[in-house]
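Residue numbers (this note's numbering): 94 to 335.
Using N, Cα and C, we set each Cβ at its ideal position, and we do this for glycine too.
Just so it is clear, the structure is predicted and the values come from calculations on it, not from any experiment.
Notes for the one structure printed next.
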């Protein structure tokens with residue numbers, strides 16, 4: 094996992110925010126050394142010009158492993174299926190050219206960050222973090238993080254954030270689109286301004302952690318299970334739905 098993180102950081106340094114893309118779907122070989130629910134075998138993104146469908150296939154059962162609850166927010170773990178893209182963060186309501194815009198499907202039993210939505214339907218919108226749900230996030234480099242990557246720290250009310258952002262000090266939106274995790278597939282469809290056709294993308298499975306002291310960097314990537322391309326070169330392209 095450590096060598097994967099070093100390769101990922103080196104690629105980020107070379108590629109900046111985008112990346113040359115030569116393929117459409119990304120295929121990745123099964124790796125028995127990786128946990129099967131996070132071992133990516135393929136990834137794709139398709140669009141009808143208005144909605145984009147992000148798909149990730151895995152060697153094991155999608156979503157079958159979640160972080161163990163700790164009972165507190167500081168140090169809380171987050172499991173994530175992530176599609177980094179070459180799209181400008183501005184299309185999702187963040188500051189232009191502020192980092193790598195990524196769509197993430199996450200689960201974290203110790204906190205809820207979707208205050209507008211009651212995903213489990215129990216009448217309380219503040220207790221749904223343990224279920225799989227979606228976020229747009231902006232990623233950036235930070236050497237203080239274990240993997241050298243973080244969700245960007247921001248100041249709500251000062252920095253640009255989407256209307257559905259939970260107003261945390263993070264470049265994180267909670268748009269309320271529900272993911273599907275069925276069998277070996279993670280799938281989610283979201284509106285993308287302009288459809289996103291031909292945009293570059295990759296796929297990553299990772300672990301994040303909330304800062305134990307509650308300060309910046311607040312949400313770090315602390316471990317990478319798998320990168321579909323192997324090096325975060327974003328070889329995938331968003332293609333029109335057939």
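Unbroken beta strand (DSSP E) runs of length 3 or more, entirely within the stretch 220-265: which are they? 226-234, 242-244
By Cβ distance below 6 Å, which residues in the same chain neighbour residue 260 in space, the five residues on each side in sequence not counted? Counting from one through the chain shown, the residue named residue 260 turns up at place 167. For residue 260, where only same-chain residues beyond five positions count, the Cβ hits under 6 Å are 249.
For residue 291 versus residue 325, is the C-beta distance shorter than 7 Å? Along the chain shown, read from residue 1 onward, the residue named residue 291 stands at position 198. Along the chain shown, read from residue 1 onward, the residue named residue 325 stands at position 232. It is not a contact, given that the beta carbons lie outside the stated cut-off.
Nearest to residue 298 by alpha carbon, out of 196, 207, 256? By one-based count along the chain shown, residue 298 stands at place 205. With distances taken between Cα atoms, residue 298 lies closest to 196.
Can you check whether the CB of residue 198 is closer than 7 Å to the CB of residue 229? Against the chain shown, residue 229 aligns to sequence position 136. Against the chain shown, residue 198 aligns to sequence position 105. No. Outside cutoff.
Report the rounded CA-to-CA distance for residue 182 versus residue 151, giving the unit in angstroms. Position 89 of the chain shown holds residue 182. Position 58 of the chain shown holds residue 151. A direct Cα-Cα distance of roughly 27 Å separates residue 182 from residue 151.
Would you kindly work out how many angstroms separate the C-alpha atoms of residue 300 and residue 141, rounded to a whole number? Taking the first residue of the chain shown as position 1, residue 300 is located at position 207. Taking the first residue of the chain shown as position 1, residue 141 is located at position 48. Approximately 31 Å between the Cα atoms of the pair.
What is the DSSP secondary structure of residue 130, reduced to helix, strand or coil? In the chain shown, residue 130 corresponds to position 37, counting from 1. Here residue 130 sits in helix by DSSP.
Does the stretch 239-255 come within contact of the stretch 183-194, defined as at least 3 CB pairs closer than 8 Å? Touching, yes, given that three or more Cβ pairs across the two stretches are closer than 8 Å.
Sequence-distant residues of its chain with Cβ nearer than 6 Å to residue 120 (five each side left out): As a working mapping, residue 120 is identified with position 27 in the chain shown. Excluding sequence neighbours, residue 120 sits near 135.
May I have the straight-line CA-CA distance separating residue 178 from residue 293, to the nearest angstrom? For the purposes of this step, residue 178 is identified with residue 85 of the chain shown, where counting begins at 1. For the purposes of this step, residue 293 is identified with residue 200 of the chain shown, where counting begins at 1. The straight-line gap separating the alpha-carbon atoms of residue 178 and residue 293 is approximately 6 Å.
Using a Cβ-Cβ cutoff of less than 6 Å, which residues in the same chain neighbour residue 304 once the five nearest sequence positions on both sides are dropped? The residue given as residue 304 occupies position 211 in the chain shown. Cβ within range, chain order: 311.
Quick test of the definition: if touching needs 3 or more C-beta pairs under 8 Å, does the stretch 279-289 touch the stretch 159-171? At 8 Å Cβ cutoff, the stretches do not touch.
DSSP on residue 309, reduced to helix/strand/coil? To locate residue 309, count along the chain shown from 1; it is residue 216. Of the three classes helix, strand and coil, the one that applies to residue 309 here is coil, per DSSP.
DSSP on residue 185, reduced to helix/strand/coil? Taking the first residue of the chain shown as 1, we reach residue 185 at position 92. Note: residue 185 maps to helix in three-state DSSP.
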